[in-house]
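Numbering (the working numbering), first residue to last: 185 to 234. Backbone N, C-alpha and C define an ideal beta-carbon position, used for all residues, glycine too. Please read the structure below before turning to the comments.
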Amino acid sequence: MGINWHTFKTKYGMIQTNRDEIFQCAIVEVLDDLMKRIENIEKKLGIKNK
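Dropping the structure here:
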(Lines of atoms letter the chains of each structure in order from A; the text may use other names.)
(Lines give C-alpha, C1' and ligand atoms only; values in the text may rest on other atoms or scores of the structure.)
Protein backbone atom coordinates (compact mmCIF):
# COMPACT_ATOMS: atom_id res chain seq x y z
CA MET A 185 0.00 0.00 0.00
CA GLY A 186 1.50 3.31 -1.07
CA ILE A 187 1.35 6.58 0.77
CA ASN A 188 -1.15 9.01 -0.69
CA TRP A 189 0.36 12.48 -0.76
CA HIS A 190 -2.07 15.33 -1.08
CA THR A 191 -0.97 18.82 -2.05
CA PHE A 192 -3.52 21.57 -1.82
CA LYS A 193 -3.68 25.33 -1.68
CA THR A 194 -5.28 27.06 1.30
CA LYS A 195 -5.41 30.64 2.44
CA TYR A 196 -2.41 29.70 4.58
CA GLY A 197 -0.38 28.64 1.54
CA MET A 198 0.42 25.27 0.00
CA ILE A 199 0.09 22.28 2.29
CA GLN A 200 1.41 18.81 1.54
CA THR A 201 0.33 15.91 3.70
CA ASN A 202 0.06 12.15 3.61
CA ARG A 203 -2.58 12.19 6.34
CA ASP A 204 -6.06 11.68 4.92
CA GLU A 205 -7.65 13.18 8.05
CA ILE A 206 -5.78 16.45 7.56
CA PHE A 207 -6.68 16.47 3.88
CA GLN A 208 -10.37 15.89 4.64
CA CYS A 209 -10.38 18.67 7.25
CA ALA A 210 -8.85 21.04 4.72
CA ILE A 211 -11.46 20.08 2.12
CA VAL A 212 -14.26 20.77 4.63
CA GLU A 213 -12.70 24.15 5.44
CA VAL A 214 -12.43 25.06 1.76
CA LEU A 215 -16.01 23.97 1.05
CA ASP A 216 -17.28 25.92 4.06
CA ASP A 217 -15.49 29.04 2.80
CA LEU A 218 -16.92 28.48 -0.69
CA MET A 219 -20.48 28.10 0.63
CA LYS A 220 -20.17 31.38 2.53
CA ARG A 221 -18.98 33.14 -0.63
CA ILE A 222 -21.88 31.67 -2.63
CA GLU A 223 -24.36 32.82 0.03
CA ASN A 224 -22.91 36.34 -0.09
CA ILE A 225 -23.20 36.41 -3.89
CA GLU A 226 -26.79 35.14 -3.71
CA LYS A 227 -27.64 37.88 -1.20
CA LYS A 228 -26.16 40.52 -3.52
CA LEU A 229 -28.13 39.14 -6.46
CA GLY A 230 -31.29 38.78 -4.39
CA ILE A 231 -31.54 35.01 -4.89
CA LYS A 232 -33.54 33.21 -2.25
CA ASN A 233 -32.52 29.71 -1.15
CA LYS A 234 -35.37 27.23 -1.52
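Whole angstroms are fine: how far does the CA of Ile206 sit from the CA of Lys193? 13 Å
Between the alpha carbons of Asp216 and Lys228, how many angstroms are there, rounded? 19 Å
Where Lys232 sits in the DSSP three-state scheme: coil
Please classify Lys193: does DSSP put it in a helix, a strand, or coil? strand
If I measure Cβ to Cβ from Glu226 and keep anything under 6 Å in the same chain, skipping five residues before and after, which residues do I get? none
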